[in-house]
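For reference, the structure is listed below as structure tokens.
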Amino acid sequence: MTSLNKFTPATCEIDHQLPLTLMSLNDWSFITATGVDAEKYLQGQLTADIATLTAQQHIFTAHCDAKGKMWSTLRLFHYNQGFGYILRTSVAVKQLTELKKYAVFSQITLSQQHNTVLLGVAGQGIRDALSSHFSLLPDKEKHVIHLGQATLLHFSLPFERFLIVTDSATAAELTKHFPQHGDSQQWLAFDIAAGIANIDVENSEQFIPQAVNLQALPASISFQKGCYSGQETVARAKYRGANKRAMFWLTGTANTLPKTGDAIEWKIGDNWRRTGTVLAAVTMTKGFISVQVVMNNDMPKESIFRLVGETNSQLTIQPLPYSLPEEE
227 MTSLNKFTPA TCEIDHQLPL TLMSLNDWSF ITATGVDAEK YLQGQLTADI
277 ATLTAQQHIF TAHCDAKGKM WSTLRLFHYN QGFGYILRTS VAVKQLTELK
327 KYAVFSQITL SQQHNTVLLG VAGQGIRDAL SSHFSLLPDK EKHVIHLGQA
377 TLLHFSLPFE RFLIVTDSAT AAELTKHFPQ HGDSQQWLAF DIAAGIANID
427 VENSEQFIPQ AVNLQALPAS ISFQKGCYSG QETVARAKYR GANKRAMFWL
477 TGTANTLPKT GDAIEWKIGD NWRRTGTVLA AVTMTKGFIS VQVVMNNDMP
527 KESIFRLVGE TNSQLTIQPL PYSLPEEE
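Quick note on numbering: my numbering labels position 221 of the sequence shown as 447, and the sequence is numbered without any gaps.
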């Protein structure tokens, strides 16, 4: 990894003054949903209210099984007379297989677009750099712009950045004009700091949406629309306080990275107890890591953690850019 993240142990923050960098997002995949029944079908499968999604919005939502456990989280938006969504590559085949199960009864085509390229852009001078290639850019008001062979998505957290969905020719041309190139791990670091849950195949079917803070994100879960897969469990978590978990952002020292699905250790007095489930982890600078983990939602903010068995490791909870609403 380059010094893009400029992680500072003293503040446990990602520095906003980043060099302009283009990232290849190979750890994410792109799937399209087209056909006259696409909206109706997705409305019955995803937690968000698809009928209210405008052409200028993208939303982060979830696809659950009948018990309310997530197959995956995904980023959804209108695309080519239908819909497109972005999710982690490791879970893409599994999620798409489950989404297709009842599609035979609807006029919808669901396809993983293997030839589509996903790029992330972040850093200083980002708008000027992209403006030399695109006549219009999305922003906080208009989150999605379609231009020729490219679709641009705007993100404001943890700072302004863009995700580009395009073809290989456009991607190759863009790559020529960006001095620094990065990878999926850098984009993942930004998602962790933004409080955007990453569900890989190891954690598929493990958590309800509220356990990864989807209720705190705009339009991610609708409690007013009609039935969808897993709705009963998701509603119970809101109205009966059934959810006892939350997603946290931890940073600190470690010699290694935990694997997706690993536990961590929580310091209680002079002892350590295993807790939580790691969703994602990245190395920020040598010896310092950033971790996304699901734990009990009443975890004290001053708690100290470490990687399992790593005596020199110390991790602490960092503030996410949103607050969790109190369940009714």
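The beta carbon of each residue, even a glycine, is placed where N, CA and C say it ideally should be. These numbers were taken from a predicted model, which means no experiment stands behind them.
So is Phe286 buried or exposed if we call it buried at 16+ other beta carbons inside 10 Å? So Phe286 ends up on the buried side.
Within the segment 389 to 475, ranges of the alpha helix (DSSP H) (whole runs, at least 4 residues): 394 to 402, 410 to 420, 457 to 465
Look up Glu367 in the DSSP assignment and say whether it is helix, strand or coil. coil
Taking the beta strand (DSSP E) that Ser255 falls in, what are its first and last residues? 254 to 260
Rounded to a whole number of angstroms, what is the C-alpha to C-alpha distance between Thr237 and Ala259? Any reading at Thr237 needs caution, since the residue's pLDDT is 38, under 50, leaving its predicted position unreliable; the model's value is listed next. Going by the C-alpha atoms only, they are around 43 Å apart.
What separation, rounded to the nearest whole angstrom, lies between the Cα atoms of Ile334 and Leu325? The C-alpha of Leu325 is placed about 11 Å away from the C-alpha of Ile334.
Backbone CA spacing between Leu322 and Gly495 [nearest angstrom]: 45 Å
Once you ignore the five residues that flank Leu541 on each side, which residues in its own chain have a CB closer than 8 Å to its CB? Leu476, Thr477, Gly478, Thr479, Ala480, Ile490, Ile515, Val517, Ile530, Phe531, Arg532, Leu533
Spatially closest choice to Ser255 from Phe303, Ser549, Ile312, His372, by CA coordinates: Ile312
Taking three-plus beta-carbon pairs below 8 Å as touching, is the segment 456 to 476 in contact with the segment 425 to 436? yes
Check for me: the beta strand (DSSP E) holding Thr503 runs from which residue to which? 503 to 511
Which partner residues of Leu356 appear in the DSSP bridge assignment? Looking at the DSSP assignment, Leu356 forms no beta bridge with any residue, so it has no partner.
For the putative contact between Ser250 and Ser394, defined by C-beta atoms under 8 Å, what is the C-beta separation to the nearest angstrom? No, Ser250 and Ser394 are not in contact; Cβ-Cβ is about 12 Å, not under 8 Å.
Opposite Gln544 in the DSSP bridges: which residues? Trp475
List, from N- to C-terminal side, the alpha helix (DSSP H) runs of 4 residues or more that fit wholly inside the segment 302 to 335. 315 to 325
Contact defined as beta carbons within less than 8 Å: I believe Gly502 pairs with Val519. What is the distance between those atoms, to the nearest angstrom? 5 Å
Does DSSP put Lys266 in a helix, a strand or coil? The answer is helix: DSSP assigns Lys266 an H, G or I state.
With a threshold of 7 Å on Cβ separation, who are the neighbours of Ala292 within its own chain once the five nearest residues in sequence on each side are excluded? Ser455, Gly456
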